[in-house]
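In full-length UniProt numbering, the protein residues as written are 1 to 153. Only one structure is covered here, and it is reproduced in the block below.
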């Protein structure tokens, strides 16, 4: 490709990851950084998704930290939610809870509610109950009797 810019790099990385080539997507990100261009916030969403495919939580966390430290990008709630999804979708519920508790971004009630539901889906009722308490602290109207009790089968 004769002319590469942020959009072309980002599009290539996202499409590689979406089509099952997560490792190639991450390799391309390394080449992108070596090219001298600086990533933007949107590019990191794609990188978190690429890390999620093979379950590479450690690399995803490193990229999350690198956003601010190396590029001055303040993580948004969307970045935070993507990182929570990366960690939690790979079954690491306790690690997800710890990540959210660090409050790198102020977690919204939606984050706690999503984590609560994922904990219930994975059978971790103790952690789900803790998340439910945090949901209730932020917005007592969000929980109804059914969500407090867990899913009904």
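Virtual Cβ for every residue (Gly too), placed ideally from N, Cα, C.
Exercise. Determine the direct distance from the alpha carbon of residue 97 to that of residue 112, and round the result to whole angstroms.
Key: Working through the chain shown from its first residue, we reach residue 112 at position 112. Working through the chain shown from its first residue, we reach residue 97 at position 97. Going from the Cα of residue 112 to the Cα of residue 97 covers about 9 Å.
Quiz item: Roughly how many angstroms separate the alpha carbons of residue 153 and residue 121, rounded to a whole number?
Solution: One-based indexing of the chain shown puts residue 153 at position 153. One-based indexing of the chain shown puts residue 121 at position 121. Low confidence applies here, because residue 153 scores a pLDDT of 37, under 50, leaving its location unreliable; read the following figure in that light. Taking the straight line from one Cα to the other gives about 11 Å.
Quiz item: By Cβ distance, which residues of its chain are closer than 8 Å to residue 142, with the 5 residues on each side in sequence left out?
Solution: The residue labelled residue 142 in the question sits at position 142 within the chain shown. Taken in chain order, the residues that qualify are 109, 113, 135, 136.
Quiz item: Is the CB-CB distance between residue 162 and residue 16 below 7 Å?
Solution: Limits of the chain in this structure are 1 at one end and 153 at the other, which puts residue 162 out of reach.
Self-check item: Boundaries of the alpha helix (DSSP H) in which residue 45 is found, first to last residue
Solution: Within the chain shown, the letter at position 45 stands for residue 45. Here the alpha helix (DSSP H) through residue 45 covers 41 to 52.
Quiz item: residue 46: buried (16+ other C-beta within 10 angstroms of its C-beta) or exposed?
Solution: For the purposes of this step, residue 46 is taken as residue 46 along the chain shown, with counting starting at 1. Burial call: buried.
Quiz item: Can you name, in chain order, every residue of its own chain whose Cβ lies under 7 Å from the Cβ of residue 12, other than the five neighbours on each side?
Solution: For the purposes of this step, residue 12 is identified with residue 12 of the chain shown, where counting begins at 1. Cβ neighbours of residue 12 beyond the five flanking positions: 28.
Practice problem: Could you pull out every residue in the same chain whose Cβ sits closer than 6 Å to the Cβ of residue 64, ignoring the five residues on either side in sequence? | Solution: Residue 64 sits at position 64 when you count from the first residue of the chain shown. For residue 64, where only same-chain residues beyond five positions count, the Cβ hits under 6 Å are 83.
Quiz item: Apart from the five residues just before and just after residue 119, which ones in its own chain have a Cβ nearer than 7 Å to its Cβ?
Solution: Taking the chain shown and counting its residues from 1, one reaches residue 119 at position 119. Taken in chain order, the residues that qualify are 93, 127, 128, 131.
Quiz item: Going by other Cβ atoms of all chains shown within 10 Å of its Cβ, with 16 needed for buried, is residue 140 buried or exposed?
Solution: As a working note, residue 140 is residue 140 in the chain shown. Residue 140 comes out exposed.
Quiz prompt | residue 51 and residue 41 closer than 7 Å at C-beta | solution = Looking up residue 51 in the chain shown gives position 51. Looking up residue 41 in the chain shown gives position 41. Not in contact: residue 51 and residue 41 (Cβ atoms no closer than 7 Å).
Quiz item: Among 4, 77, 71, which has the Cα closest to the Cα of residue 38?
Solution: By 1-based counting over the chain shown, the position of residue 38 is 38. Nearest C-alpha to residue 38: 71.
Quiz item: Just how far apart, CA to CA, sit residue 31 and residue 125?
Solution: In the chain shown, the residue the question calls residue 31 occupies position 31. In the chain shown, the residue the question calls residue 125 occupies position 125. Taking the straight line joining both Cα atoms gives about 43 Å.
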